[in-house]
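Read through the structure below, which is laid out as structure tokens, and then see the notes.
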Amino acid sequence: EYYLVDEDDIYYIKADLTEVMIRSSHGFSYYNKKISQMENLLSDKFFKVHRSYIINLEKVEKMETIEQSKIEFSFYGINDRVESSKDGAKKFREYMHTLQSDTK
């Protein structure tokens with residue numbers, strides 16, 4: 593079964609071998625692309641927080657610092673959580689700092 597997923601409906605994307613798993617409000621679906629290819633297709637509201645995860649920043653409800661400076665993201669409307677890598681957390685913090693600097 594095939595259906596179109598609107599970018600606004602995506603919570604996160606997870607790498608799964610040679611494809612990606614897309615988490616949307618419809619559940620999970622698989623797409624035959626690598627996560628690096630998906631990263632190039634998505635708008636700037638998506639951020640790669642781990643080599644295996646891209647999150648939709650507009651769907652993030654809460655961020656919490658966890659072990660070794662990683663960040664755990666939770667989302668509006670679903671119970672899933674995504675954990676960043678240490679490097680992904682560092683890049684995310686730098687990105688957020690840049691956004692804050694741009695708005696001043």
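In our numbering, the protein residues as written are 593 to 696.
Just so you know, even glycine gets a beta-carbon here, dropped at the ideal spot from N, CA and C.
Since this is a predicted model, take the numbers as computed values, not measurements.
- For Val597, same chain residues with a beta-carbon under 8 Å away, outside a window of 5 residues either side, are Ile614, Ser616, His618, Ser621 in chain order.
- Taking the Cα of Ser661 as reference, the smallest distance to any Cα among Phe639, Ser677, Ile646, Lys626 is reached at Ser677.
- Rounded to the nearest whole angstrom, the CA to CA distance from Asp694 to Tyr687 is 11 Å.
- In the three-state reduction of the DSSP assignment, Ser676 falls in the coil class.
- Closest in C-alpha terms to Arg685, from the list Glu599, Asp601, Leu649, Asn624, comes Leu649.
- If the five residues before and after His642 are omitted, its C-beta is found closer than 6 Å to the C-beta atoms of Ser676, Ser677, Gly680, all from its own chain and listed in chain order.
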